[in-house]
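Using the working numbering, the letters of the sequence shown map in sequence onto residues 162 to 489.
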Amino acid sequence: MAVSLQPSPWDAVLELTKSAQDKNSDPLLWAIQLSSSLNAAGVTLPSTEVAHLLVSHICWANNVPITWKFLEKALTLKIVPPMLVLALLSSRVIPSRRSCPAAYRLYMELLKRHAFSFASQINGPNYQKIMKSIDEVLHFSQIFGLQVCDAGLLVVQFVFSTVWQLLDASLDDEGLLEMTLEKKSRWPTRPQNMEIDGQDSFNEKRTELYEGMHKINTTMAIEIIGEFLQNKVTSRMLYLARRNMSSHWAGFVQRLRLLAAKSTMLRNSKYITPEALLQLTSDTRRLLSRACKTSSLREFHAVMASGSLISSAGQCHGAYLVCTLASS
Numbered sequence: 162m163a164v165s166l167q168p169s170p171w172d173a174v175l176e177l178t179k180s181a182q183d184k185n186s187d188p189l190l191w192a193i194q195l196s197s198s199l200n201a202a203g204v205t206l207p208s209t210e211v212a213h214l215l216v217s218h219i220c221w222a223n224n225v226p227i228t229w230k231f232l233e234k235a236l237t238l239k240i241v242p243p244m245l246v247l248a249l250l251s252s253r254v255i256p257s258r259r260s261c262p263a264a265y266r267l268y269m270e271l272l273k274r275h276a277f278s279f280a281s282q283i284n285g286p287n288y289q290k291i292m293k294s295i296d297e298v299l300h301f302s303q304i305f306g307l308q309v310c311d312a313g314l315l316v317v318q319f320v321f322s323t324v325w326q327l328l329d330a331s332l333d334d335e336g337l338l339e340m341t342l343e344k345k346s347r348w349p350t351r352p353q354n355m356e357i358d359g360q361d362s363f364n365e366k367r368t369e370l371y372e373g374m375h376k377i378n379t380t381m382a383i384e385i386i387g388e389f390l391q392n393k394v395t396s397r398m399l400y401l402a403r404r405n406m407s408s409h410w411a412g413f414v415q416r417l418r419l420l421a422a423k424s425t426m427l428r429n430s431k432y433i434t435p436e437a438l439l440q441l442t443s444d445t446r447r448l449l450s451r452a453c454k455t456s457s458l459r460e461f462h463a464v465m466a467s468g469s470l471i472s473s474a475g476q477c478h479g480a481y482l483v484c485t486l487a488s489s
């Protein structure tokens, strides 16, 4: 008796993606077909499994423009969770930014589009599963030494870690990381194994092009750090990181000050100055108070409504911290 073996939904995802990639299909059409296939298979969207599959597909055997366009459409159509995709990309792309500068640029473009809106993600399905997956990717409990109380704290840690990764990568790009107290990053900023780019690795024109891209990327990363510190929602997240993880915040600010003092890329930026970057961290209370408008507070409260946060005493006092922040 013949047995019919049906492919798993995840095999179908890869088959559809590879086929669309070979045909250079329209990314929107691919995303619609993928969403339909997953719905028919009973997969709840956004899917953590699909996020892992798509990022693994890109990094690094299929690091081509069309696959990044597929990923962007999957994010837009809510097939994959943005925070998890960004966490996965940060762990893969940032260490390889020297050999894959275009991928680093695309990661930062996705960061600018999807890292500043949280309410819709928190209110969506699979939220607890998504945040658990992010914790597993970025190892929050190991790095910050906190036992996670709830998903609300994970959002704060996600924002804090995202900014810190960009900061350490920028310091490393300018040879400044060795000037920090630890002389290294707690995040992966270099590939674990030697990168071999192929026979044209030492092509002079390619090297010159990459160097130009590296400088642009470093400047862009620094400017995104400034955006996180200025944005009304993410600045409140970072304020909570400052309140709840004071020892880590002190190390973070020490690195920001080093960047402000020594970074050539920061001085060359058209959008942020060293003085402005320092002001954003040294005068957090006043800036938050001035920016305290109803619309931004509503989204911030929606984020924090997902659960309480761990206070410095190790207890959950989310409502207190939200009220303190709102009145600062």
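We put the CB at the ideal spot given by N, CA and C, even for glycine. All values reported here derive from a predicted model rather than from experimental measurement.
Tell me which residue opens and which closes the alpha helix (DSSP H) that residue i is part of.
{"i": "K293", "result": "288–299"}
{"i": "I433", "result": "Run containing I433: none; DSSP gives neither H nor E here."}
{"i": "M398", "result": "395–405"}
{"i": "C340", "result": "Checking the displayed sequence, the identity of residue 340 turns out to be Met instead of Cys. Taken as a continuous stretch (DSSP letters only), M340 belongs to no alpha helix (DSSP H), as it is neither H nor E."}
{"i": "W325", "result": "312–334"}
{"i": "D187", "result": "Careful: D187 lies outside any alpha helix (DSSP H) and carries neither H nor E."}
{"i": "G306", "result": "Premise fails: G306 is in no alpha helix (DSSP H) and is neither H nor E."}
{"i": "T379", "result": "365–391"}
Quick check on residue i: buried or exposed, where buried means 16 or more other Cβ atoms within 10 Å of its Cβ?
{"i": "R367", "result": "exposed"}
{"i": "M340", "result": "exposed"}
{"i": "E176", "result": "exposed"}
{"i": "D334", "result": "buried"}
{"i": "R428", "result": "exposed"}
{"i": "K114", "result": "There is no way to answer for residue 114, as the model of the chain reaches only from 162 to 489."}
{"i": "S408", "result": "exposed"}
{"i": "K234", "result": "buried"}
{"i": "N378", "result": "buried"}
{"i": "V174", "result": "buried"}
{"i": "G296", "result": "In the sequence as displayed, the identity of residue 296 is Asp instead of Gly. Buried, since its Cβ has 16 or more Cβ neighbours within 10 Å."}
{"i": "A264", "result": "buried"}
{"i": "H218", "result": "buried"}
{"i": "E384", "result": "buried"}
{"i": "L247", "result": "buried"}
{"i": "G306", "result": "exposed"}
{"i": "A192", "result": "buried"}
{"i": "L342", "result": "exposed"}
{"i": "K179", "result": "exposed"}
{"i": "P242", "result": "buried"}
{"i": "P262", "result": "buried"}
{"i": "A212", "result": "buried"}
{"i": "P188", "result": "buried"}
{"i": "L245", "result": "buried"}
{"i": "Q326", "result": "buried"}
{"i": "S251", "result": "buried"}
{"i": "V216", "result": "buried"}
{"i": "S197", "result": "exposed"}
{"i": "L232", "result": "buried"}
{"i": "R446", "result": "Since pLDDT at R446 reaches only 46, below the 50 mark, its modelled position is unreliable, and the value read off the structure follows with that caveat. With fewer than 16 Cβ atoms within 10 Å of its Cβ, R446 is classed as exposed."}
{"i": "S396", "result": "buried"}
For residue i, tell me which candidate among the options has the shortest Cα-Cα distance.
{"i": "Q182", "options": "N223, S196, Q194", "result": "N223"}
{"i": "M398", "options": "R259, T323, I377, A212", "result": "T323"}
{"i": "E369", "options": "T380, K431, R259", "result": "R259"}
{"i": "T380", "options": "V394, A421, F413", "result": "A421"}
{"i": "L439", "options": "M406, Q303, L417, S424", "result": "L417"}
{"i": "I433", "options": "Q318, S396, A212, Q391", "result": "Q391"}
{"i": "V317", "options": "A382, F389, R266", "result": "F389"}
{"i": "C220", "options": "Y268, P207, N185", "result": "Y268"}
{"i": "E270", "options": "C261, T350, A382", "result": "A382"}
{"i": "G336", "options": "M426, M244, L238", "result": "M426"}
{"i": "M406", "options": "A276, L315, K273, L195", "result": "L315"}
{"i": "L419", "options": "S430, H300, E436", "result": "E436"}
{"i": "K184", "options": "P286, E365, I227", "result": "I227"}
{"i": "L238", "options": "H275, L214, L249", "result": "H275"}
{"i": "G387", "options": "S197, F277, E365", "result": "F277"}
{"i": "Q135", "options": "G285, N287, W348", "result": "Given a span of 162 to 489 for the chain in the structure shown, any question on residue 135 remains unanswerable."}
{"i": "V394", "options": "F321, K431, K344, K345", "result": "F321"}
{"i": "N494", "options": "L299, L441, T209, K344", "result": "Not covered by the structure: residue 494. The range shown for the chain is 162 to 489."}
{"i": "R344", "options": "L214, S186, Q415, Q194", "result": "The residue asked about is misnamed: residue 344 is Lys in this sequence, not Arg. Of the candidates L214, S186, Q415, Q194, the one whose C-alpha sits nearest the C-alpha of K344 is Q415."}
{"i": "V225", "options": "L195, A411, R266", "result": "R266"}
Continuous alpha helix (DSSP H) assignments of at least 4 residues falling wholly in the stretch 205–282: 209–219, 226–237, 243–254, 262–275
Cβ contact check for the stretch 372–392 and the stretch 278–290: 3 or more pairs under 8 Å: no
contact_flag[the stretch 322–334, the stretch 249–266] where n(CB pairs < 8 Å) is 3 or more: yes
Stretch pair the stretch 170–182 + the stretch 192–207: three plus CB contacts closer than 8 Å: yes
Cβ pair count under 8 Å reaching 3, the stretch 289–297 against the stretch 395–411: no
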